[in-house]
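Structure record follows, encoded as structure tokens.
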Ligand code: SF4
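Numbering (this note's numbering), first residue to last: 490 to 821.
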């Protein structure tokens with residue numbers, strides 16, 4: 490059995506809006522090992538969510554289109570040359586579960602939690618309603634929802650945001666997903682509830698040997714939980730490595746900027762946060778040189794005269810950087 494659970498190679502996705510082509514994902518390759526927590530980090534609009542939605546083949550077509558890329562999950566080819574290669578209904582929710590930022594987008598407001606939960610379980614397992622109900626109650630209990638039997642009779646609006654997010658994690662637990670993709674799972678929650686949801690995801694990972702992809706703009710939050718980090722900018726991965734590589738030896742100027750923007754308790758009184766100046770580029774009108782150059786404090790004529798930098802290995806490990814000045818050595 491391969492150690493790699495999910496492998497995505499050369500994924501390209503665009504959105505066609507009138508005359509414009511928005512290059513949302515521009516040749517993204519990454520992998521997730523079994524029983525691993527991987528964070529995909531970047532600002533809004535950098536393509537991190539579109540990448541995961543494309544892996545799940547949930548991109549609305551049109552206007553979106555997967556142009557290129559291969560995706561393999563547990564030796565099953567999901568996508569080949571940008572085309573579906575398997576019946577995703579057998580994979581989605583069952584082997585790969587996705588949790589979104591706002592649980593209300595996944596929960597139907599007019600049906601009770603229990604009815605929705607039972608339907609989800611029965612869509613993936615050939616069991617009767619009574620048995621599915623039992624699994625649902627057990628799963629709600631496992632994610633720390635008190636009075637699970639009573640909560641099954643609630644409508645989504647009768648629960649708090651944190652509680653609804655727990656319900657979605659319970660869906661993934663009940664379906665025994667091998668991979669959970671959590672897209673900004675804590676963004677809409679209070680800070681204390683954020684930590685609880687992250688801890689819960691880690692408990693699920695431990696008890697079910699699941700792998701987890703956390704998609705987030707919050708590098709500070711995920712760095713406590715992830716094994717490896719991919720940093721995305723303007724539809725590309727611009728740095729990747731172990732969490733230790735990224736935290737102790739951030740190399741791409743954008744990653745350094747992201748880390749400088751994370752509040753640190755010990756420095757809270759002394760230092761101001763350092764924001765990254767400027768805004769991300771339009772993905773419909775990208776330069777053919779480094780897309781970070783307009784915001785990069787180190788940008789020079791060389792950066793603007795060469796093609797966009799490729800990911801290159803830094804050192805002997807799995808630390809990769811796409812920068813002409815700071816990322817050198819072996820090709821990824
Ligand atoms: Fe900055 Fe140049 Fe590196 Fe781009 S290639 S990140 S502009 S130093």
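Built from N, CA and C at the ideal position, the CB exists for glycine as well. Just so you know, these numbers come straight off a predicted model, no measurement behind them.
Residues sharing a beta bridge with residue i, DSSP
i, result
"residue 775", "Answer by DSSP bridge pairing: none, since residue 775 is not bridged."
"residue 781", "According to DSSP, residue 781 bridges with nothing at all."
"residue 522", "493"
"residue 560", "497 and 568"
"residue 803", "808"
"residue 722", "725"
"residue 615", "Its beta-bridge partners do not exist; DSSP assigns none."
"residue 506", "509"
"residue 653", "Beta-bridge pairing links residue 653 to no other residue."
"residue 527", "702 and 717"
"residue 554", "503"
"residue 573", "568"
"residue 731", "717"
"residue 672", "704"
"residue 637", "For residue 637, which the question treats as bridged, DSSP gives no partner whatsoever."
"residue 585", "581 and 668"
"residue 517", "500"
Own chain, CB closer than 6 Å to residue i, minus 5 neighbours either side, in chain order
i, result
"residue 675", "683 and 686"
"residue 746", "765"
"residue 805", "none"
"residue 776", "none"
"residue 571", "555, 556, 557 and 558"
"residue 809", "729, 800, 802 and 821"
"residue 622", "607"
"residue 637", "626, 629 and 630"
"residue 717", "527 and 731"
"residue 618", "607"
Pair within 8 Å by beta-carbon distance, residue i and residue j
i, j, result
"residue 728", "residue 744", "yes"
"residue 540", "residue 517", "yes"
"residue 528", "residue 737", "no"
"residue 672", "residue 590", "yes"
"residue 772", "residue 511", "yes"
"residue 778", "residue 793", "yes"
"residue 587", "residue 645", "no"
"residue 662", "residue 613", "no"
"residue 726", "residue 814", "no"
"residue 722", "residue 781", "yes"
"residue 632", "residue 678", "no"
"residue 700", "residue 668", "yes"
"residue 609", "residue 582", "yes"
"residue 616", "residue 656", "no"
"residue 739", "residue 748", "yes"
"residue 658", "residue 680", "no"
Close Cβ partners of residue i (< 7 Å) along its chain, the five nearest in sequence each way excluded
i, result
"residue 597", "605"
"residue 750", "762, 763, 764 and 765"
"residue 783", "767 and 770"
"residue 506", "552"
"residue 823", "The shown model of the chain, from 490 to 821, leaves out residue 823, and the question about it has no answer."
"residue 513", "502, 503, 504, 536, 539, 724 and 772"
"residue 708", "530, 747, 748 and 751"
C-beta neighbour in chain E for residue i, strict 8 Å
i, result
"residue 673", "The chain labelled as chain E is not found in the depicted structure, where only one protein chain is given."
Proximal residues to residue i (C-beta, below 8 Å), its chain only, five neighbours per side dropped
i, result
"residue 499", "516, 517, 518, 557, 558 and 559"
"residue 715", "526, 527, 528, 703 and 732"
"residue 665", "697"
"residue 642", "601, 602 and 603"
"residue 567", "544, 546, 560, 561, 573, 574, 575, 577 and 580"
"residue 785", "742, 743, 779 and 792"
Touching by the beta-carbon criterion (3+ pairs, under 8 Å), the region 492-506 and the region 554-573: Here the region 492-506 makes contact with the region 554-573; the two share three or more CB pairs at distances below 8 Å.
Does the region 564-580 come within contact of the region 627-640, defined as at least 3 CB pairs closer than 8 Å? With a cut-off of 8 Å, the region 627-640 and the region 564-580 do not count as touching, because too few Cβ pairs lie within range.
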